[in-house]
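First comes the structure, then the notes that go with it.
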Amino acid sequence: MIYSKQDVLHNESQSIKNGAASTIAISLSNNYFILFAIAILGATNYQVGLISSLPSIVGMAAMLPAAFMVNKLEEKRKFTAYSIFFTRFFLLIMVFLPFIKSEHIAWFFVILIALMNFPGTFLNLGWQAFIGDLIPADRRNTFFGNRNRILTFTGMIVTLVAGICMKSISSKSALPYQILFLFAFIFGMIEFFYILKHKEEKQKIEISNHYSPFSKHIFQYKPYITFLVCALFFNFAWQMAWSLFSIYQIRIAHATAFWISLFTVSNQLSQIVSFRWWAKMANRYSNTQLLIWISIGMASAPILNILSTNYVYLFIVNFTSGFFVSGTVLILFNSLLEATEEEHRTSYIANYNFLLSIVAFIAPQFGVFLLESFSMNIAMIISTIFRGLAGVLFGVMAYKMSHSNQLDYKQNKISL
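Okay, here's the thing in structure tokens:
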């Protein structure tokens with residue numbers, strides 16, 4: 075479907091507004107889930123690991139029905155909007171969670187976060203397929219670079235303000251977290267509003283033309299399968315340290331909510347100043363070449379974090395790692411779109427997200443297993459090694475692409 079220049083610009087504007095509301099909702103909730111679980115609900119390391127990994131299992135269960143539904147849609151806008159509503163509604167439930175008097179309250183929270191990912195999976199798949207249809211291939215690097223920069227700046231400001239407000243409040247009080255979750259829900263409704271303001275043309279859908287997310291044809295398309303192997307290994311190496319960072323900062327460095335916010339802000343500030351640079355590099359070089367350097371850069375984060383518990387030092391380390399996080403966010407998504415056939419894109423995205431859910435479940439649990447079996451230092455060092463190996467894999471992928479006519483990642487240019 076080819077949209078007019080006016081419609082494309084309108085959709086880009088609405089996408090930024092929708093994304094800003096989404097970023098605020100996530101910044102006011104997800105950033106504080108683990109701190110809330112540990113400080114208020116008394117969660118264990120195992121439960122903290124489940125907060126990162128259990129949603130992936132729910133996502134796997136939701137992926138196939140989500141892909142089936144998205145493939146049948148003539149319009150994806152309303153589907154995505156209502157997925158937003160049901161996902162953010164869980165934040166409203168969290169507001170009332172501290173009123174429940176039970177020794178299993180931490181488990182209630184873990185399960186609630188996991189269940190939230192069921193409509194969340196519908197939301198992610200719907201949005202990716204939706205925005206992939208609306209934004210022409212020749213505008214993606216520039217638009218997503220600018221969009222990510224704006225959204226990251228928004229998230230940074232919100233996180234900074236929230237952290238300052240949390241600084242003067244008792245770390246044992248549940249009220250601040252309840253207020254954060256309530257405001258997150260409100261901005262989720264604003265997110266719902268702006269997704270409905272996109273302009274979308276109905277598409278004629280012929281079910282027979284769509285692959286199943288696990289069709290053999292998907293695994294026979296070499297650009298995708300090459301990307302898939304490298305991307306899944308990279309995500310495993312990346313995500314195995316997610317819980318470790320939070321546990322290190324809270325349990326070992328004893329960081330408060332204020333400093334946790336500052337660490338997030340420093341990471342986001344670095345992303346803001348680097349998104350545009352990554353977009354320019356993506357237009358100049360291949361995405362695969364950039365992923366090599368991104369993997370190497372990401373490999374430095376785990377080992378640098380464990381060198382000191384000094385808050386200023388951790389602030390600087392988070393700033394440095396943010397440069398490569400911005401590249402990861404932009405380049406991985408664009409690489410996924412490039413490595414798929416446009417006609418069957420939804421099925422490819424569903425397949426990728428399903429397999430990514432398996433990785434997202436196993437990786438944090440593996441990281442916590444290393445922590446419990448050995449030590450924080452050993453777990454972080456292994457994460458660094460794995461991230462470096464991901465760079466080697468992307469290097470092999472880049473070599474094969476340059477020596478095989480079958481691996482052609484060039485997109486057809488769509489003029490506005």
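So our numbering is basically just the index in the sequence shown, starting at one, shifted up by 74.
Here a beta-carbon is modelled for each residue, glycine too, at the ideal position from N, C-alpha and C.
Check: Where residue 274 falls: helix, strand or coil (DSSP); Outcome: coil
Check: Contact belief for residue 388 with residue 337 at Cβ below 8 Å, rounded distance in angstroms; Outcome: 6 Å
Check: Same chain, Cβ closer than 6 Å to residue 92, five either side skipped, listed in chain order; Outcome: 265, 268 and 269
Check: 8 Å Cβ cutoff met for residue 262 and residue 411; Outcome: no
Check: Simplified DSSP state of residue 295, which is helix, strand or coil; Outcome: coil
Check: Three-state secondary structure assigned by DSSP to residue 359; Outcome: coil
Check: Own chain residues within Cβ distance below 6 Å of residue 49, not counting five before or after; Outcome: What is shown of the chain runs 75 to 490, which leaves residue 49 out entirely.
Check: Start and end residues, alpha helix (DSSP H) containing residue 267; Outcome: 249–269
Check: For residue 185, the nearest candidate out of 467, 121, 114 and 254 (CA to CA); Outcome: 121
Check: Three or more C-beta pairs below 8 Å linking the stretch 245–260 and the stretch 137–146; Outcome: no
Check: Residue environment, residue 157, which counts as buried when at least 16 other CB atoms sit within 10 Å; Outcome: buried
Check: Distance CB(residue 522)-CB(residue 462) smaller than 8 Å; Outcome: The question about residue 522 has no answer, for the chain in this structure spans 75 to 490.
Check: Nearest neighbour of residue 85, chosen from 103, 235, 213 and 106 [CA to CA]; Outcome: 213
Check: Nearest-angstrom Cβ-Cβ length linking residue 400 and residue 360, presumed shorter than 8 Å; Outcome: Actually they are not in contact, since the Cβ atoms of residue 400 and residue 360 sit about 18 Å apart, beyond 8 Å.
Check: Residue of 162, 330 and 181 minimising C-alpha distance to residue 191; Outcome: 162
Check: Check whether residue 224 and residue 172 have beta carbons under 8 Å apart; Outcome: no
Check: Complete alpha helix (DSSP H) runs within the stretch 122–201 (minimum length 4 residues, chain order); Outcome: 151–169
Check: Span of the alpha helix (DSSP H) around residue 233; Outcome: 214–241
Check: Exposed unless 16 or more other CB atoms sit within 10 angstroms - verdict on residue 425; Outcome: buried
Check: Buried/exposed call for residue 303, threshold 16 Cβ in 10 Å; Outcome: exposed
Check: Where residue 450 sits in the DSSP three-state scheme; Outcome: helix
Check: Euclidean distance between Cα positions of residue 123 and residue 345; Outcome: 26 Å
Check: Inter-stretch contact at 8 Å, needing at least 3 Cβ pairs: the stretch 324–335 / the stretch 103–119; Outcome: yes
Check: Span separating the alpha-carbon of residue 139 from that of residue 385; Outcome: 45 Å
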